[in-house]
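Residue numbers (this note's numbering): 1 to 253.
Next comes the structure, spelled out in structure tokens:
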């Protein structure tokens, strides 16, 4: 259970990467001491399963949600946020970040600082540059173009974000969250601030293991923004029907 003494709650999915996630836990512990509580979601890892001892050895308070099968990156985050929503207090803030080492813990303080504004519910870290292959970048550009065409909105951020308690509860109530976290934030109508953020290079093998192909994400966007897509289709006079078709975890405290 998440105690009131923790002002910061970090939700991070982990899949077959004990080394990088352990490094993240140690960095969070060194930077935020006992003020941080980590909700680690092991997304059905088989070869490198995460255990609560990895959190304990890093000296960080936390809980491990161990999924019985692999459900995917976005759904793992949704499960973690669902757990947090049951215990979070109004004064606590939540940060969602990847565990592969690309999201920098040093950026968290900047996100939390901007989250203090009264007119902000979510602060997302905008990518300055992607550390990817040319093939990945090409597909990612197609993905963003498709998203913009169908919804009339641009998407320039990923999963790295800070949220207030009421924002977490609102997102958890949205069925779109388990499909695409960033798009769910846009669809939620929450007041979102997008400052620039930095991401560091990670091992290519980890990226290939952990990420789904861009084209798979494009295919899954139909369920997230179908209302926006229908409205967009009516304005642009094209048939949107082809695009608008429409837990397994155990807790280890």
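All C-beta atoms in this analysis are idealised placements derived from N, C-alpha and C, irrespective of residue type, glycine included.
In this text, all values refer to a predicted model and were calculated from it rather than measured experimentally.
Item	Value
Per-residue DSSP class, three states only, for residue 112	helix
Bridge-paired residues (DSSP) for residue 11	39, 96
C-alpha gap between residue 244 and residue 89, whole angstroms	Interpretation of residue 244 is limited by its pLDDT of 37, a score under 50 that renders its predicted location unreliable; the figure taken from the coordinates is listed afterwards. Roughly 37 Å between the two C-alpha positions.
Three CB pairs or more closer than 8 Å across the region 172–189 and the region 111–120	no
Contact the region 74–93 vs the region 6–23: 3+ CB pairs below 8 Å	yes
Selection from 19, 2, 187, 193 that minimises the alpha carbon distance to residue 99	19
Residue 181 (DSSP reduced to helix, strand or coil)	helix
Rounded straight-line distance, which links the Cα of residue 92 to that of residue 13	20 Å
Residue 163 vs residue 60 beta-carbon contact at 9 Å	no
Rounded separation between residue 51 and residue 109 - CA only	27 Å
Which of helix, strand or coil DSSP assigns to residue 124	strand
Between the CA atoms of residue 168 and residue 21 - distance to the nearest angstrom	23 Å
Cα-Cα separation, residue 26 to residue 56	10 Å
Cβ-based burial, residue 5 [other Cβ within 10 Å; buried from 16]	exposed
Rounded straight-line distance, which links the Cα of residue 16 to that of residue 46	7 Å
Run of the beta strand (DSSP E) containing residue 64, from where it starts to where it stops	61–67
Rounded C-alpha distance that separates residue 66 from residue 126	29 Å
Contacts around residue 207, its chain only, beta-carbon distance under 6 Å, and the 5 residues preceding and following it disregarded	At residue 207 the pLDDT is 43, less than 50, meaning the model places this residue with poor confidence; the figure from the coordinates comes in the next sentence. Hits under 6 Å: none found.
Backbone CA spacing between residue 38 and residue 188 [nearest angstrom]	25 Å
Buried or exposed by the 16-neighbour rule on C-beta atoms within 10 Å, applied to residue 134	exposed
For residue 186, three-class secondary structure by DSSP	helix
8 Å contact criterion, which residue 76 and residue 177 should meet: CB distance rounded	About 11 Å; that fails the 8 Å criterion.
Distance between residue 32 and residue 170 (C-alpha atoms, nearest Å)	26 Å
Local Cβ density within 10 Å of residue 1, reported as buried at 16 or more and exposed below that	exposed
Spatial neighbours of residue 192 in its chain, beta-carbon cut-off 8 Å, leaving aside the 5 residues before and after	120, 121, 122, 123, 124, 185, 186
Residue burial classification, residue 74 (beta-carbon count within 10 angstroms, cutoff 16)	buried
Nearest-angstrom Cα separation, counted from residue 80 out to residue 48	19 Å
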